[in-house]
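Down below is the structure, laid out as structure tokens.
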Amino acid sequence: MSISVATLPTLTQAPYWYLTRSTGITAFVLLTLAMGLGIAATQRTLASPSWPRFATQNLHRNVSLLGLAFLGVHIVTTLVDGYVTITNWSVLVPFLSEYRRLWVALGTIAFDLTLLVIVTSLIRSRMKAQVWRWVHYSVYALWPLTFLHFIKSGTDAAHGRFGLWVALVGAGLVGAAVAVRVTAGEDDRQAAVLAP
Amino acid sequence: MRLRVNPIDCTAHGLCAELLPEWISLDEWGYPVLDDQPLPAQLVKNAKRAAAACPTLAMKLLRDEG
Numbered sequence: 305m306s307i308s309v310a311t312l313p314t315l316t317q318a319p320y321w322y323l324t325r326s327t328g329i330t331a332f333v334l335l336t337l338a339m340g341l342g343i344a345a346t347q348r349t350l351a352s353p354s355w356p357r358f359a360t361q362n363l364h365r366n367v368s369l370l371g372l373a374f375l376g377v378h379i380v381t382t383l384v385d386g387y388v389t390i391t392n393w394s395v396l397v398p399f400l401s402e403y404r405r406l407w408v409a410l411g412t413i414a415f416d417l418t419l420l421v422i423v424t425s426l427i428r429s430r431m432k433a434q435v436w437r438w439v440h441y442s443v444y445a446l447w448p449l450t451f452l453h454f455i456k457s458g459t460d461a462a463h464g465r466f467g468l469w470v471a472l473v474g475a476g477l478v479g480a481a482v483a484v485r486v487t488a489g490e491d492d493r494q495a496a497v498l499a500p
Numbered sequence: 231m232r233l234r235v236n237p238i239d240c241t242a243h244g245l246c247a248e249l250l251p252e253w254i255s256l257d258e259w260g261y262p263v264l265d266d267q268p269l270p271a272q273l274v275k276n277a278k279r280a281a282a283a284c285p286t287l288a289m290k291l292l293r294d295e296g
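Taken in sequence, the protein lines are chains A and B. Residues are numbered in the working numbering as their position in the first sequence, beginning at 1, plus a constant of 304. Residues are numbered in the working numbering as their position in the second sequence, beginning at 1, plus a constant of 230.
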């Protein structure tokens, strides 16, 4: 039954392989939480005196930056591992990987968009708010790319393994947050006007 | 340094008043009310944060002229 398990390399034999898988999953979880928090930060009704809106906003920023750090380790260890052929340029340029070209390319595009979203956010005070906002909306394209990259380019989400459940719970969270965002709008300003 | 609000860009999110209650209060519709006087030095750091947190970037921290 566990013949294939016995042939798997150990952590010391293939440290980068284990690192790229674990940091990839962690980055997915963190960036999914960051998306949920970002949507939560647009909702006035979720704020209270004990948990003001800037708390959600700052948590959104910090979780995003932490996710980027894990994403960086995921990308570097993917290249260093070398078991499958993924050229160095495929970090930034999609469709260069020999290994699962399409699914790795989705990860590349998602990383490019992540960099764009985070860099524009770091210099946001010097941008036009509307330009920053439209760049930030690309997260709604970025997240589905990340999801497909997660379930299709590795092995942890294949054949109903636990990674698939992580991905599906993440999809549920993002789906619920988007549903709230669409039905409640960006900011329930009328509620504030009508409030006593 | 002085804190200014562009009343056209401001849409009453109110984050600035959460971050800088010493200087900013909200009117009954949620729009910020603040003094046009120079900011005390100890508030400048939080004033920067308040301006950066504005969802519409309606709040700006301006240097005094001259």
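Glycine residues also receive a C-beta, built at the ideal position from the N, C-alpha and C atoms.
Residues near residue i by beta carbon distance below 7 Å, same chain, minus five either side
i         : result
A/His-453 : Trp-407, Leu-410, Gly-411, Ala-414
A/Thr-324 : His-378, Thr-381, Thr-382, Asp-385
B/Gly-244 : Leu-256, Gly-260
Contact list for residue i against chain B, beta-carbon separation under 8 Å
i         : result
A/Gln-361 : Leu-245, Ala-283
A/Ser-429 : Ala-281, Ala-282, Leu-287
Rounded C-alpha distance that separates residue i from residue j
i         : j         : result
A/Leu-428 : B/Leu-233 : Per the sequence shown, residue 428 of chain A should be read as Arg rather than Leu. Cα to Cα, the separation comes out at about 18 Å.
A/Asn-392 : A/Thr-327 : 18 Å
B/Leu-292 : A/Trp-355 : 29 Å
A/Phe-332 : A/Val-478 : 12 Å
B/Glu-258 : B/Ala-242 : 10 Å
A/Thr-360 : B/Ala-277 : 19 Å
A/Leu-370 : B/Ile-238 : 35 Å
A/Leu-426 : B/Gly-260 : 27 Å
B/Asp-265 : B/Pro-251 : 12 Å
A/Gly-476 : A/Tyr-444 : 14 Å
A/Gly-474 : A/Leu-468 : 10 Å
Cross-strand partners of residue i (DSSP beta bridge)
i         : result
A/Ile-379 : In DSSP, A/Ile-379 forms no bridge with anything.
B/Ile-254 : B/Leu-264
A/Lys-456 : According to DSSP, A/Lys-456 bridges with nothing at all.
B/Leu-291 : B/Leu-233
Under 7 Å from the C-beta of residue i: neighbouring residues of chain A
i         : result
B/Glu-295 : Under the 7 Å cutoff, chain A gives no residues; its nearest Cβ is about 21 Å from B/Glu-295.
Partner residues on chain A for residue i, Cβ-Cβ distance less than 9 Å
i         : result
B/Leu-249 : Pro-356, Phe-358
Beta-carbon proximity of residue i to residue j, cut-off 8 Å
i         : j         : result
A/Met-339 : A/Trp-436 : no
A/Val-470 : A/Ile-329 : yes
A/Leu-417 : A/Val-367 : no
A/Gln-347 : A/Val-484 : yes
Beta-carbon proximity list for residue i, same chain, < 6 Å, skipping 5 on both sides
i         : result
B/Ala-288 : Val-235, Asn-236, Asp-239, Cys-240
A/Leu-449 : Leu-410, Ile-413, Ala-414
B/Thr-286 : Asp-239, Thr-241
B/Glu-295 : none
Chain-ordered neighbours of residue i on chain B, where CB pairs are closer than 9 Å
i         : result
A/Val-433 : First, the amino acid is wrong: residue 433 of chain A is Ala here, not Val. Asp-239, Cys-284, Pro-285, Thr-286, Leu-287, Ala-288, listed in chain order.
Nonlocal neighbours in the same chain, by C-beta distance under 8 Å from residue i, ignoring five residues either side
i         : result
A/Phe-466 : Asp-460
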